[in-house]
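So in this note's numbering the end of the sequence shown lands on 203, straight run, no missing numbers. We treat Cβ as the ideally placed atom computed from N, Cα and C, and that holds for glycine. As the structure is a computational prediction, the values presented were derived from the model and not from experiment.
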Amino acid sequence: MPRACAICGKTAAYGYNVSHSKVHTHRRFDANLHPAVIDGVKLLVCTRCRRTQTKDARMAKKRERARR
136 MPRACAICGK TAAYGYNVSH SKVHTHRRFD ANLHPAVIDG VKLLVCTRCR
186 RTQTKDARMA KKRERARR
């Protein structure tokens, strides 16, 4: 399983560690991925997509309650 978000495709970003003496060493910023069950399927999802999914579900419930 690749270390990428199943929804948006976010992967690792690359940059530098910069010390006080300004020495640049390469580093990798990994995406903040967590397993989540979406439509009965377990996927690796970044936290931004997970929050959006939760918000969309909550808003849909709110709209449904308002219609009644």
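Rounded C-beta distance between V153 and H159? I'm assuming under 8 Å.
6 Å between Cβ atoms; contact.
**Prompt:** My guess is that T146 and A166 are in contact by the Cβ rule of under 8 Å, so how many angstroms apart are they, rounded?
**Reply:** With a Cβ gap of about 6 Å, T146 and A166 count as contacting.
For R185, count neighbouring C-beta atoms within 10 Å of its own C-beta (all shown protein chains included) and say buried if the count is 16 or more, exposed if not.
By the 10 Å Cβ count, R185 comes out buried.
Using a Cβ-Cβ cutoff of less than 7 Å, which residues in the same chain neighbour T182 once the five nearest sequence positions on both sides are dropped? Excluding the 5 residues flanking it on each side, T182 has same chain C-beta neighbours closer than 7 Å at N167, H169, in chain order.
* **Three-state secondary structure assigned by DSSP to C184** => The answer is helix: DSSP assigns C184 an H, G or I state.
So what's K190 in DSSP terms, helix, strand or just coil? If DSSP states are grouped into helix, strand and coil, K190 belongs with the helices.
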